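Asker: Encoded as structure tokens, here's the structure I'll be asking about.
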Amino acid sequence: MTLIFSSAQPRLNSIATGVKLALGLSLLMLGSAQATTITPPKPAPVLLPADWNRVVNPVPMDAAMEAKITELLNKLSLEHKVGQMIQPHIGAVTPEEIKTYNIGSILNGGGQNPNDNPNSTQQDWVQMAERFYQASMSTEHGRTPIPVVWGIDAVHGHSNMVGATLFPHNIALGATRNPALAKALGALTAKEVYATGQDWDFAPTLAVARDDRWGRAYESFSEDSELVAQMGGKMIEGLQGTAGTKEFLAATKVLATAKHFIGDGATGFGDDQGYAEGEEQALLRMHLPGYISALNVGVQTVMASYSSWNGIHAHANARLMNELLKGQLGFDGFIVSDWQAISHMPGCSLDNCPEAVNAGVDLFMIPNAPDWKTFHANVVAQVKAGVINPARIDDAVRRILRVKMRQGLFTRPSPAQRAAATAGAVGAPEHRALARQAVRESLVLLKNTGVLPIKPKTKVLVTGAGANNLSRQSGGWSVTWQGLNVPNDKFPGATSIYTGLAHALKAVGGTAELSEQGTFTNKPDLAVVVIGENAYAETHGDIQNLATLELEGGSKTGLKLIQSLKAQGIPVVAVLLSGRPLWVNKELNLADAFVAAWQPGTEGAGVADVLVAKIDGAPNADFNGRLSFSWPATPCQTPLNKGDADYKPLFAFDYGLRYNSPITPWQALSEDTSAYALGCRLKNQLPAAKQQTFKPQDGWNWKIELPTFTQSAVPATLGPLTVKPLDEGLSATWSGKGEARLILRNNKTPRHDLLAALGHRGALAIDLKLLAPVTEKQGVDVRVWSSPLTAGVVDISKLLAAWPQGKYQTLSIDLACFAKEFTDFSKVDGPFALQAKLALAVEVKNLRYEPDLAKTASISCSN
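Residue numbers (my numbering): 108 to 970.
If you want it as structure tokens, here you go:
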């Protein structure tokens, strides 16, 4: 099959409004010829479950404030209003641009720091915040000053800030069953965020995670909506202060965000940013209680979800945002989009999405330039063309101004003045003590044959990949976005699990020896083996494709370590670091005790507080935690949630042993994995094997894309890449003056389930002709994309270096090579991309996915 290339469709921009405007003008002309007015039927109201209490907004509307907002709105030009609706990231906007475009908000995502310096000090953060604030308050050239609001992902403490206090993730807090603790931790976070000049925290997540494969399961308090509501509402109260009191949004308090509205925990297969389906009542009963709780404590911002419900993307769902949230539930704050989320919507791009504006999104998280500038121009043009109603803009800006006024940003001291009053807040001893309490209360004891608590004078070997690894211990959203492989020295003031055990054992006459590999000089009395997952965040944490819930399904490094120690007659306490329940039957059978420690954060000493007995033999603290998620009995037992029709977990929701729990003989668990050799979505459940091609009539078209995700349809030159159509296929030439990629996208539907191609041992194949030589280290790679930020990457430079020039040859790559990275084949939005930075000239044609070609592919990763 030879691909046929279509010409690029014009994009809506500040000059032309494309098809939508043409349609609007056609309707106007039709209306002038015929006076009949057609009134569309009023949609049925969203039906809330009858037994729910109504939302009672604890923050009453202030008539005097509304009058001030009206007065302010009347002073603003359309351009100024649209500027208030835009939120670039700190590295993509300057103070001068804040003044020019009247930008209303800025943000930094996970791992973004002032001046791109990962070692930024508190003063660095404050100085940047001060510059942005002063720019927004400038009255130059007759500007109307409106303070900018800086939002930040402080997910489990001020998690971007080196030296901040990081407490356990939400899955662990759910295990504490302690809403008062959640409120205290929210207040802790607010103090540390406020101290560095930010006003707004993109937390907490109120998702009810229903499939443990989801890479954000640990951001959910529970699979149980009632527990999510209890914990989430109190955390919001801690961040913002108690509504109706003087502490509400007062000094040291910040805005909270209820996210992600709505149903992000319900996606099929636990796919982050995926699709969920079901009846509206089912959605509301399971996934709305957290938001009801948030509204009842006065949450001021809500973030829309990346996910879709019954085929409608959350950012386009006017029924749920406008009619339900803002209408029936009376939410009078503002809705913010998620990071680049509008670019995931069919028919939208990052710089152009009037559908989301009309559906009810008020503030747009468009991190990069020039996208946010083009978005500004497009919205202005769309309002003037009638695509967006001016009243919708006024409503959005009124909401943004209302929240800013409620927070006191117009009168609050500047960031520099605040910092002087909050010196020492970041990583304060009392904050670390509270986080350590959260660790103690979150630990769940799954097995104990009598080796716990660890007795005084015990000689302990502390081993395993997580024993002295603060990155694994803290999980995602810790110093960096993914939190992966962050060195221990980036967590100043933190305590690892080993360090905590060493200190606690020394106090009772014992010793702790650290050996990650499990070696020792003198035989220990006991080993504490810290096993578990690496850190991850969002889609990167999804258990994708054909993988199971088994811990370390390939390497089994932790299991081998336990086996080695047990073979030497050493009792083992296994401590599991994970962001979700996992299938660990083999480890459970071998270990003498097993503790689910989740991702405890920076205060690892909290683990020792429970594991090590006092000098008199009594435990320092008893186990308190109870499972907030059901635990699987088989490698593929997910979704698994209490109340399911066939609910047979290994450990049920609410399970958790205590030190006084009866010690009974351990009944060996099944370790058989033969039924899951092909993974959780079995080969015999997939569609029949067949070649898959990508035709323009099915929506597939080639595009040029830069690393900033700026795109252009071909033929075109964008940056360093020029692409031209040929009779068959196309030619692509990289100038060598920057990085760019040739990528296949679908204009009709953004995501495609290509899991069958992977399950049938498929390969990606394309006919490629080299027009110039390639070196082995040239850095040419092929990518398969499952979202704008996640891709599987295979370097083909070495292969191409051996190819002749001027001759078509078939390049084939085993799909398993891409699956080893972060490509989720159940939702591919780019089935092929060719990327280069240095000079490269090729012709390509005939792209396809071929079944049963993996082992004989040009590049193979299959056994």
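Cβ atoms here follow ideal geometry from the backbone N, Cα and C, with glycine treated the same way. Since we're looking at a predicted model, the values are computed, not measured.
Kindly indicate the opening and closing residues of the beta strand (DSSP E) around Gly258.
Answerer: Here residue 258 corresponds to residue number 151 of the sequence shown, with the count starting at 1. Element bounds for Gly258: 256-259.
Asker: So if DSSP puts Ile561 in a beta bridge, which residue, or which two residues, is it bridged to?
Answerer: As a first step, residue 561 must be located in the sequence shown, where it is residue number 454. Answer by DSSP bridge pairing, in chain order: Val719.
Asker: Hey, how far is the Cα of Val487 from the Cα of His187?
Answerer: Here residue 487 refers to the residue found at position 380 of the sequence shown. Here residue 187 refers to the residue found at position 80 of the sequence shown. Taking the straight line joining both Cα atoms gives about 10 Å.
Asker: Let me make sure I understand the geometry here. Which of Ile638, Thr570, Leu402, Ala358 has the alpha-carbon closest to that of Gln524?
Answerer: Taking the sequence shown and counting its residues from 1, one reaches residue 524 at position 417. Checked all of Ile638, Thr570, Leu402, Ala358; the closest Cα to Gln524 is Ala358.
Asker: What residue does the beta strand (DSSP E) around Met268 start on, and which one ends it?
Answerer: Position 161 of the sequence shown holds residue 268. Looking at the DSSP string, Met268 is not in any beta strand (DSSP E), and its letter there is neither H nor E.
Asker: Val486 lies in the alpha helix (DSSP H); which residues open and close that run?
Answerer: Counting from one through the sequence shown, the residue named residue 486 turns up at place 379. Residues 478-492.
Asker: What runs of the alpha helix (DSSP H), each 4 residues or longer, lie entirely inside the region 798-843?
Answerer: DSSP runs (the alpha helix (DSSP H)) wholly in the region 798-843: none.
Asker: Mark Gly686 as exposed unless 16 or more other C-beta atoms lie within 10 angstroms of its C-beta, in which case mark it buried.
Answerer: Here residue 686 corresponds to residue number 579 of the sequence shown, with the count starting at 1. That one is buried.
Asker: Just list the residues that DSSP pairs Ser415 with in beta bridges.
Answerer: For the purposes of this step, residue 415 is taken as the residue at position 308 of the sequence shown. According to DSSP, Ser415 bridges with Tyr382, His420.
Asker: What first and last residue would you give for the beta strand (DSSP E) that runs through Asn459?
Answerer: Taking the sequence shown and counting its residues from 1, one reaches residue 459 at position 352. Element bounds for Asn459: n/a, residue is neither H nor E.
Asker: With burial defined as no fewer than 16 other Cβ atoms inside 10 Å of the residue's Cβ, what is the status of Gln340: buried or exposed?
Answerer: Along the sequence shown, read from residue 1 onward, the residue named residue 340 stands at position 233. This sequence places Gly at residue 340; Gln is not what is there. It is buried - the Cβ of Gly340 has at least 16 other Cβ atoms within 10 Å.
Asker: Can you tell me whether DSSP reads Asp902 as helix, strand or coil?
Answerer: Indexing the sequence shown from 1 puts residue 902 at position 795. Strand, per DSSP.
Asker: DSSP beta-bridge partners for Tyr766?
Answerer: Taking the sequence shown and counting its residues from 1, the one referred to as residue 766 is at position 659. The partner list for Tyr766 (beta bridge, DSSP) is empty, contrary to what the question assumes.
Asker: Within its chain, find whatever has a CB closer than 6 Å to the CB of Ala279; leave out the 5 residues flanking it on each side and keep chain order.
Answerer: Translated into the one-based positions of the sequence shown, residue 279 becomes position 172. For Ala279, where only same-chain residues beyond five positions count, the Cβ hits under 6 Å are Ser549, Trp705.
Asker: Measuring only the C-alpha atoms, how far is Ile176 from Lys206?
Answerer: On the sequence shown, position 69 is the one that residue 176 refers to. On the sequence shown, position 99 is the one that residue 206 refers to. If you take the alpha carbons of Ile176 and Lys206, they lie about 20 Å apart.
Asker: When we look at the beta-carbon of Pro219 and count the other beta-carbons within 10 Å, is it buried (16 or more) or exposed?
Answerer: Locating residue 219 in the sequence shown gives position 112, counting from the first residue. Here the sequence assigns Gln to residue 219, which means Pro is not the residue at that position. By the 10 Å Cβ count, Gln219 comes out buried.
Asker: I need the boundaries of the alpha helix (DSSP H) containing Ser578, first residue and last residue.
Answerer: Along the sequence shown, one-based indexing puts residue 578 at 471. Per DSSP, Ser578 belongs to the alpha helix (DSSP H) from 577-581.
Asker: If distances are taken between C-alpha atoms only, which option among Pro167, Ala943, Leu559, Lys298 comes closest to Gly437?
Answerer: Residue numbering aside, residue 437 sits at position 330 when the sequence shown is read from its first letter. It is Pro167.
Asker: At least one CB of chain B closer than 8 Å to the CB of Gly351: is that the case?
Answerer: Any reference to chain B falls outside this structure, which holds one protein chain only.
Asker: Hey, out of Leu947, Ala314, Ala484, whose CA is closest to Ser329's CA?
Answerer: Start at 1 with the first residue of the sequence shown, and residue 329 comes out as number 222. Of the listed residues, the one whose Cα sits closest to Ser329 is Ala314.
Asker: So within the region 564-626, which uninterrupted alpha helix (DSSP H) runs reach at least 4 residues, ignoring any that extend past its ends?
Answerer: If we require 4 residues or more, the alpha helix (DSSP H) runs fully inside the region 564-626 come out as 577-581, 604-614.
Asker: Near Leu734, what residues of its chain come up, given a Cβ to Cβ distance below 7 Å and the 5 sequence neighbours on each side ignored?
Answerer: Position 627 of the sequence shown, counting from 1, holds the residue named residue 734. Hits under 7 Å: Ala282, Val551, Phe758, Phe760, Asp761, Tyr762, Gly763.
Asker: Measure the alpha-carbon distance for Asn971 versus Phe355 and round it to whole angstroms.
Answerer: Nothing can be reported for residue 971, as the shown portion of the chain is limited to 108 through 970.
Asker: Could you pull out every unbroken beta strand (DSSP E) segment of at least 3 residues lying fully inside the region 684-708, listed in chain order?
Answerer: Listed in chain order, the complete beta strand (DSSP E) runs (minimum 3 residues) inside the region 684-708 are 700-705.
Asker: Taking Cβ positions, are Gly68 and Lys663 nearer each other than 8 Å?
Answerer: As shown, the chain starts at 108 and ends at 970. That puts residue 68 outside it, with no answer to give.
Asker: How far does the alpha helix (DSSP H) with Thr283 in it reach, from first residue to last?
Answerer: Residue mapping note: residue 283 aligns to position 176 of the sequence shown, counting from 1. 277-283 is the span of the alpha helix (DSSP H), which, as asked, contains Thr283.
Asker: Please classify Trp446: does DSSP put it in a helix, a strand, or coil?
Answerer: Sequence index remark: in the sequence shown, residue 446 carries index 339 (1-based). It is coil, neither helix nor strand.
Asker: On the CB-based measure, 16 or more other CB atoms within 10 Å of its CB, does Glu657 come out buried or exposed?
Answerer: Numbered from 1 along the sequence shown, position 550 holds the residue referred to as residue 657. When all chains shown are included, Glu657 counts as buried.
Asker: The alpha helix (DSSP H) spanning Pro286 covers which residue range?
Answerer: Sequence index remark: in the sequence shown, residue 286 carries index 179 (1-based). Segment 286-302, the alpha helix (DSSP H) holding Pro286.
Asker: Could you pull out every residue in the same chain whose Cβ sits closer than 6 Å to the Cβ of Leu431, ignoring the five residues on either side in sequence?
Answerer: Counted from its first residue, the sequence shown places residue 431 at position 324. Contacts found: Val153.
Asker: Based on Cα-Cα distance, which residue from Val951, Glu883, Arg890 lies nearest to Tyr915?
Answerer: Counted from its first residue, the sequence shown places residue 915 at position 808. For the residues Val951, Glu883, Arg890, the minimum Cα distance to Tyr915 belongs to Val951.
Asker: Note down, in chain order, each residue of its chain lying with its Cβ closer than 8 Å to the Cβ of Met136, except the 5 sequence neighbours on either side.
Answerer: Translated into positions along the sequence shown, residue 136 becomes position 29. Because the pLDDT at Met136 is just 30, under 50, the model does not fix this residue reliably, and the value given afterwards should be weighed accordingly. Within the same chain, Met136 has no close Cβ partners at all.
Asker: Say yes only if the C-beta of Val719 is nearer than 7 Å to one or more non-hydrogen atoms of the ligand COA, and no if none qualify.
Answerer: Only the bare structure without any ligand can be found here, which leaves the ligand COA out of the picture.
Asker: Where does the unbroken alpha helix (DSSP H) through Lys366 begin, and where does it stop?
Answerer: Sequence index remark: in the sequence shown, residue 366 carries index 259 (1-based). Careful: Lys366 lies outside any alpha helix (DSSP H), inside the beta strand (DSSP E) at 364-368.
Asker: In terms of alpha-carbon separation, which member of Ala725, Gly345, Ala863, Ala619 lies closest to Ala291?
Answerer: Position 184 of the sequence shown holds residue 291. Ranking the options by Cα distance to Ala291, first place goes to Gly345.
Asker: Can you grab the Cα-Cα spacing for the pair Trp479 / Phe925, in whole Å?
Answerer: Looking up residue 479 in the sequence shown gives position 372. Looking up residue 925 in the sequence shown gives position 818. So the alpha carbons of these two residues sit roughly 32 Å apart.
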